[in-house]
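All remarks here apply to the structure that follows.
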Amino acid sequence: LNPVVFLPEGMKESGQGWATQLTDSCTAGSGQFCTRPNLVFVFASDTTEKFLKEVASGFESRNPHALLSGATRDRLDDSIGKLRKAGAELVTGGKNLDGEGYRYANTLLRVPGKKFLEAPEEFQREAFGNELLAVVVDGPEQLEQVLEHMEGNLTASVYSSAAGADENVYRQVAPVLRR
Numbered sequence: 259l260n261p262v263v264f265l266p267e268g269m270k271e272s273g274q275g276w277a278t279q280l281t282d283s284c285t286a287g288s289g290q291f292c293t294r295p296n297l298v299f300v301f302a303s304d305t306t307e308k309f310l311k312e313v314a315s316g317f318e319s320r321n322p323h324a325l326l327s328g329a330t331r332d333r334l335d336d337s338i339g340k341l342r343k344a345g346a347e348l349v350t351g352g353k354n355l356d357g358e359g360y361r362y363a364n365t366l367l368r369v370p371g372k373k374f375l376e377a378p379e380e381f382q383r384e385a386f387g388n389e390l391l392a393v394v395v396d397g398p399e400q401l402e403q404v405l406e407h408m409e410g411n412l413t414a415s416v417y418s419s420a421a422g423a424d425e426n427v428y429r430q431v432a433p434v435l436r437r
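Quick note: the sequence shown uses our numbering, first residue 259, plus one each step.
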């Protein structure tokens with residue numbers, strides 16, 4: 259799932275640029291790269307709402323590439339359906355597209371951290387393709403609780419304040435991600 263954690267002070271400083279970077283990473287090759295993010299963690303705030311709107315807008319403005327096969331598209335659609343059934347809210351996408359090749363709309367879902375904690379295994383379902391699940395946490399303690407439930411991943415990243423304003427939160431959550 260290659261989780262990415264976006265810390266709150268850094269989000270205030272760099273959220274718009276991060277939204278573009280995340281959109282680029284998730285939509286390149288219709289998300290069919292093993293190291294692309296499938297799951298992000300963000301802190302509930304007005305800044306985060308703006309960030310998620312920018313990601314959604316970026317997803318909507320990009321024409322998805324064809325997926326590897328019809329079976330890949332079917333599995334992606336099935337995984338997204340199961341995430342929604344577990345309680346994830348569809349922000350954009352979530353459907354097959356007409357046209358040449360096996361295409362699927364760039365898809366953004368979101369779920370509150372509290373809901374994630376009710377069924378962490380359900381929300382760690384990989385959706386191979388151009389899909390992203392944003393987990394919106396209430397604060398550092400809830401983020402740490404959510405991360406405690408994470409299974410092993412190829413990568414994990416933390417985006418933080420360039421000025422060091424997120425250092426305390428980083429020190430709290432980084433060891434959990436490294437396990």
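Glycine included, C-beta positions come from ideal geometry on N, C-alpha and C.
Check whether residue i and residue j have beta carbons under 8 Å apart
i           : j           : result
residue 386 : residue 333 : yes
residue 298 : residue 264 : yes
residue 434 : residue 398 : no
Exposure label - residue i; buried when at least 16 CB within 10 Å
i           : result
residue 412 : exposed
residue 421 : exposed
residue 339 : exposed
residue 363 : buried
residue 337 : buried
Residue range of the beta strand (DSSP E) that includes residue i
i           : result
residue 297 : 297–301
residue 324 : Element bounds for residue 324: n/a, residue is neither H nor E.
residue 347 : 347–350
N- and C-terminal bounds of the alpha helix (DSSP H) containing residue i
i           : result
residue 337 : 328–344
residue 283 : 266–285
residue 432 : 425–436
residue 392 : Residue 392 -> not in any alpha helix (DSSP H); beta strand (DSSP E) instead, spanning 389–395.
residue 306 : 304–319
Minimum C-alpha distance to residue i - residue among the options
i           : options               : result
residue 360 : 415, 323, 418 and 305 : 323
residue 302 : 368, 378 and 431      : 368
For residue i, the residue or residues it bridges with in DSSP
i           : result
residue 415 : 262
Distance cut-off 7 Å: residue i Cβ against heavy atoms of the ligand COA
i           : result
residue 409 : Of the ligands one can find in the structure shown there are none, so the ligand COA has no counterpart to examine.
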